[in-house]
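Data block below; observations after.
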Amino acid sequence: EDQVTQSPEALRLQEGESSSLNCSYTVSGLRGLFWYRQDPGKGPEFLFTLYSAGEEKEKERLKATLTKKESFLHITAPKPEDSATYLCAVQATYGQNFVFGPGTRLSVLP
Amino acid sequence: NAGVTQTPKFQVLKTGQSMTLQCAQDMNHNSMYWYRQDPGMGLRLIYYSASEGTTDKGEVPNGYNVSRLNKREFSLRLESAAPSQTSVYFCASIIQNSGNTIYFGEGSWLTVV
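Each protein sequence line maps, in turn, to chains A and B. Residue 1 is where the first sequence starts when you use my numbering, and the numbers rise one by one after that. Residue 1001 is where the second sequence starts when you use my numbering, and the numbers rise one by one after that.
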């Protein structure tokens, strides 16, 4: 059974304090690993797709990396507007479904 | 530039009542999904439709039915609502095998009392 776990459940950072969020997964064959950002009262917003171990993607203060068992979302010098819940999901090679983790709730304090 | 549109945004139902959540996408996507999101449990798949005319059960289909009316529209029906169906519901769509980016609607907040 495909599974995704995320840690920590919640994270509080001071503005400018860099950190990383973890996404661990088990999947029969990985078609893609996805990161989403979700603001309160909104639908998830796409950030990155990673397809194979060793791949990295960057967008502003965010950088996503992928190994065979986990992915990290690195946040460099975060700002209060980066506060949100970050969701990780995987899609198996032979499947239509996306399996989501429970998310990490990030708060960045000014 | 609407993307994925869901209605209604908010709904309160009494136990046993029925209702339909509507979803439409204007991106010509093949596949559409209905997820529910509950605190601490992440997004769980209820039903999906890989293409027009097909539907399949996901992880938590009990108590729900779906209709893929055409390529644009995918509705979710609760025949006899139960308090356990209180949740936030998200519709999503994707072009499979083309980056596989899944796009979500803004959500429908459903409370069953």
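Idealized CB from N, CA, C, for every residue including glycine. In this text the structure is predicted, and so the values were computed from the model without any measurement.
With DSSP as the reference, please indicate the residues paired to residue i in a beta bridge.
i, result
"S1067(B)", "S1075(B)"
"K68(A)", "Partner(s): none; K68(A) has no beta bridge."
"Y1089(B)", "R1036(B) and S1108(B)"
Mind listing the chain A neighbours of residue i? Cutoff is C-beta to C-beta under 7 Å, in chain order.
i, result
"L1045(B)", "N97"
"T1086(B)", "Within 7 Å Cβ-Cβ: nothing; T1086(B) doesn't reach chain A, min ~16 Å."
Determine, for residue i, whether the minimum Cβ-Cβ distance to residues of chain B falls below 7 Å.
i, result
"F100(A)", "yes"
"F46(A)", "yes"
"G43(A)", "yes"
Determine the direct distance from the alpha carbon of residue j to that of residue i, and round the result to whole angstroms.
i, j, result
"T76(A)", "D82(A)", "10 Å"
"L30(A)", "Q3(A)", "12 Å"
"S1108(B)", "Y1089(B)", "5 Å"
"F1010(B)", "L1110(B)", "6 Å"
"I1102(B)", "A1092(B)", "6 Å"
"L1069(B)", "G1053(B)", "8 Å"
Whose Cβ in chain B lies nearer than 8 Å to the Cβ of residue i?
i, result
"P8(A)", "By Cβ distance, chain B contributes nothing, its closest Cβ being about 13 Å from P8(A), past 8 Å."
"G32(A)", "N1100"
"Q91(A)", "N1100"
"P103(A)", "Per the sequence presented here, residue 103(A) reads as Gly, with Pro not at that position. Per Cβ cutoff of 8 Å: G1042."
Within the 7 Å Cβ cut-off, does residue i reach chain A?
i, result
"G1003(B)", "no"
"E1106(B)", "yes"
"A1081(B)", "no"
"Y1048(B)", "yes"
Which chain A residues are close to residue i, counting only those with a beta carbon under 8 Å from its beta carbon?
i, result
"Y1103(B)", "F46"
"G1058(B)", "N97"
Using a Cβ-Cβ cut-off of less than 9 Å, list which residues of the stretch 1064 to 1078 of chain B approach chain A; keep chain order.
-> none
If contact means a Cβ-Cβ distance below 7 Å, which residues of the stretch 1011 to 1045 of chain B contact chain A?
-> S1031, G1040, M1041, G1042, L1043 and L1045
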